[in-house]
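Those sequence lines, one after another, are chains A and B.
Using the working numbering, the letters of the first sequence correspond one by one to residues 2 to 70.
Using the working numbering, the letters of the second sequence correspond one by one to residues 41 to 311.
The beta carbon of each residue, even a glycine, is placed where N, CA and C say it ideally should be.
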Amino acid sequence: MAGEQSASKKPAVITVNTVWCKGCEICVAFCPKDCLEMEGGKCKVARPDDCIKCMLCELRCPDFAITVE
Amino acid sequence: MFDYLQYVRQENFPHIWCSGCGDGIVLKALIRSMDKLGLSQDETVMVSGIGCSSRTPGYVDINTLHTTHGRALAFATGVKIANPDLNVIVVTGDGDATAIGGNHFIHAARRNIDLTVLLYNNYIYGMTGGQCSPTTPRGAYASTAQHGNLEPPFNISGLAIAAGASFVARGDVYNVKKLETLIGKALQKKGFSLVEVVSPCPTAFGRRNRMARPVKMMEQLRDTVVSVEKWEKMTDEERKGKFRTGILKDIEKPEFTAEYAKLIEKMRPEE
Ligand SMILES: Cc1ncc(C[n+]2csc(CCOP(=O)(O)OP(=O)(O)O)c2C)c(N)n1
Ligand code: SF4
Ligand code: SF4
Ligand code: SF4
Ligand SMILES: [Mg+2]
Numbered sequence: 002m003a004g005e006q007s008a009s010k011k012p013a014v015i016t017v018n019t020v021w022c023k024g025c026e027i028c029v030a031f032c033p034k035d036c037l038e039m040e041g042g043k044c045k046v047a048r049p050d051d052c053i054k055c056m057l058c059e060l061r062c063p064d065f066a067i068t069v070e
Numbered sequence: 041m042f043d044y045l046q047y048v049r050q051e052n053f054p055h056i057w058c059s060g061c062g063d064g065i066v067l068k069a070l071i072r073s074m075d076k077l078g079l080s081q082d083e084t085v086m087v088s089g090i091g092c093s094s095r096t097p098g099y100v101d102i103n104t105l106h107t108t109h110g111r112a113l114a115f116a117t118g119v120k121i122a123n124p125d126l127n128v129i130v131v132t133g134d135g136d137a138t139a140i141g142g143n144h145f146i147h148a149a150r151r152n153i154d155l156t157v158l159l160y161n162n163y164i165y166g167m168t169g170g171q172c173s174p175t176t177p178r179g180a181y182a183s184t185a186q187h188g189n190l191e192p193p194f195n196i197s198g199l200a201i202a203a204g205a206s207f208v209a210r211g212d213v214y215n216v217k218k219l220e221t222l223i224g225k226a227l228q229k230k231g232f233s234l235v236e237v238v239s240p241c242p243t244a245f246g247r248r249n250r251m252a253r254p255v256k257m258m259e260q261l262r263d264t265v266v267s268v269e270k271w272e273k274m275t276d277e278e279r280k281g282k283f284r285t286g287i288l289k290d291i292e293k294p295e296f297t298a299e300y301a302k303l304i305e306k307m308r309p310e311e
């Protein structure tokens, strides 16, 4: 699946600012592709290859802590 | 990726809002719509009162004014009349705007002065630890309603519509793209424009109302928001427990600072 979608496109680069992240889990809970996880109370990028760049995690993060490129 | 950093005061981050508080999500939607419209940071002023929501100006790199509880609209009115060319945005809360500041709110709307008001409605006094506000739902728990709130709530958008605002919309922080569009429309409107933003307070409201986890509060928004278009086709039974978002009023009417400028022109002594 992931290979199919990203074949022609650049893979997503997801960056978490762990100093600003307050661990609310909003990005993790509403990622449609389950790319993110929690680790030690912060967001962790677990499966970046599955990302479809919907941007929802970046749009909904209350702490300006996650970006998708 | 959107570059928020050019619009924020980075030295004040991480911000003071709690984990999962909706206020940061509203600020980001505002920044994106300002960027889309190309609003000049130097010609935009943000005015707030007191509350968690009213802390917003501390984080934006525009001209900002953090004033007294309930009085943001009075200060903003002064700024706008002194220099009508400025874009004036007021950031306020359900308590700030409809409890202590209730009279300023209805009269600014009645006057139809060109201000854009972002009202973060979290159904509670967040900053002071969860006292009932005028929008706390009947039956909800608060530090001043330990057995459930007995009072019926204000419908803030309805109040602004009745008082005479020319633009009224309601949005929420789950449906972020729609929120951004609504804020953009409000910023462009000449006249008193309100965007009531339903925004979770997991700390002071959620914890007392079985929604301590921010995700739970976001799920509740997802499950109870209905678009105005869909709302029209629903029966009263289907509307129970739901609320509508979208543009609720958008009309043209004389705007205060424009009328004031006309009056000055008329009173100017002839050469
Ligand atoms: C004159 C005055 N009265 C009371 C207070 C205490 N006070 C501070 S914030 C607040 C309520 C704010 O509620 P709201 O506008 O809903 O903001 P929120 O914190 O929920 O975003 C109150 C009563 C004050 N600062 N000044
Ligand atoms: S951009 Fe969308 S798919 Fe990618 S991590 Fe964020 S929420 Fe998930
Ligand atoms: S939404 Fe933001 S603050 Fe919340 S867990 Fe994700 S990165 Fe952290
Ligand atoms: S108390 Fe509520 S409104 Fe205030 S910062 Fe915390 S979550 Fe947000
Ligand atoms: Mg409030």
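> B:V87 lies in the beta strand (DSSP E); which residues open and close that run?
Replying inline: T84 to S88 is the extent of the beta strand (DSSP E) around B:V87.
> Can you name, in chain order, every residue of its own chain whose Cβ lies under 6 angstroms from the Cβ of B:S267, other than the five neighbours on each side?
Replying inline: Beyond the five residues adjoining it in sequence on each side, B:S267 comes within less than 6 angstroms, by CB distance, of G286 in the same chain, given in chain order.
> Using a C-beta to C-beta distance shorter than 8 angstroms, which residues of chain A count as neighbours of B:Y44?
Replying inline: Chain-ordered, the chain A residues with CB closer than 8 angstroms to the CB of B:Y44 read F65.
> Mind checking if A:L60 is an interface residue toward chain B, Cβ cutoff 8 angstroms exclusive?
Replying inline: Among the residues facing chain B, A:L60 is included, as its CB has a counterpart in that chain under 8 angstroms away.
> Counting contacts by CB-CB distance shorter than 8 angstroms, is A:I53 in contact with chain B?
Replying inline: At a cut-off of 8 angstroms between beta-carbon atoms, A:I53 makes no contact with chain B.
>> Below 8 angstroms, how does it come out for the stretch 54–72 of chain B and the stretch 83–97 of chain B: are there three or more Cβ pairs, yes or no?
In response: The stretch 54–72 of chain B is in contact with the stretch 83–97 of chain B.
>> My output table needs one value for B:Q260: the three-state DSSP class, helix, strand or coil.
In response: B:Q260: helix per DSSP, three-state reduction.
> Using the rule of at least 16 other Cβ atoms within 10 Å of the residue's Cβ for burial, across every protein chain shown, is A:M2 buried or exposed?
Replying inline: Note that A:M2 scores 46 on pLDDT, short of 50, meaning its location in the model is unreliable; the coordinates nonetheless yield the value given after this. So A:M2 counts as exposed.
> Can the beta-carbon of B:L113 be found less than 8 angstroms from the beta-carbon of B:L227?
Replying inline: The Cβ atoms of B:L113 and B:L227 do not sit closer than 8 angstroms to each other.
> Near ligand 7, which residues have their beta-carbon closer than 6 angstroms to a heavy atom?
Replying inline: What this structure holds is ligand 1, ligand 2, ligand 3, ligand 4 and ligand 5, not ligand 7.
> Quick one, which of B:G204, B:F42, B:H109 and B:D75 has its alpha-carbon nearest B:I140's?
Replying inline: The residue with the shortest Cα to Cα distance from B:I140 is B:H109.
>> Please state the DSSP three-state secondary structure of A:A3.
In response: Any reading at A:A3 needs caution, since the residue's pLDDT is 48, under 50, leaving its predicted position unreliable; the model's value is listed next. A:A3 falls in the helix class under three-state DSSP.
> Are the stretch 279–298 of chain B and the stretch 242–250 of chain B touching by the rule of at least three beta carbon pairs closer than 8 angstroms?
Replying inline: The stretch 279–298 of chain B vs the stretch 242–250 of chain B: no contact.
> Would the C-beta of A:K10 count as close to ligand 2, meaning under 7 angstroms from any of its heavy atoms?
Replying inline: Checking the Cβ of A:K10 against ligand 2 gives no.
>> Tell me which residues share the same chain as B:A149 and place their Cβ nearer than 7 angstroms to its Cβ, disregarding the 5 neighbours each side in the sequence.
In response: A200, A203, G204, A205 and F232.
> Which residue or residues does DSSP assign as beta-bridge partners of B:D212?
Replying inline: For B:D212, which the question treats as bridged, DSSP gives the partners B:V238.
>> For a test of your reading of the model: does the CB of B:D212 fall under 7 angstroms from any non-hydrogen atom of ligand 5? Yes or no.
In response: Answer for B:D212: no, Cβ out of range of ligand 5.
>> Quick check on the DSSP output: the beta strand (DSSP E) that includes A:I67 runs from which residue to which?
In response: Where A:I67 is concerned, the enclosing beta strand (DSSP E) stretches over I67 to V69.
> For A:V20, which residues from the same chain have a beta carbon less than 7 angstroms from its beta carbon, with the 5 sequence-adjacent residues on both sides left out?
Replying inline: Closer than 7 angstroms at the Cβ level, and outside the excluded window around A:V20, lies no residue.
>> Considering only the alpha carbon of each residue, which of A:M39, A:L60 and A:R48 lies closest to B:N215?
In response: Minimum Cα distance to B:N215 is reached at A:L60.
>> For a minimum of 3 consecutive residues, which ranges assigned as the beta strand (DSSP E) are wholly contained in the stretch 128–157 of chain B?
In response: Listed in chain order, nothing qualifies, since the stretch 128–157 of chain B has no complete beta strand (DSSP E) run of 3 or more residues.
> Smallest Cα separation from B:Q46: which of B:R72, B:G64 and B:I65?
Replying inline: For the set B:R72, B:G64 and B:I65, the Cα lying nearest the Cα of B:Q46 is the one of B:R72.
>> Tell me which residue opens and which closes the beta strand (DSSP E) that A:C44 is part of.
In response: Counting along the chain, the beta strand (DSSP E) containing A:C44 begins and ends at K43 to V46.
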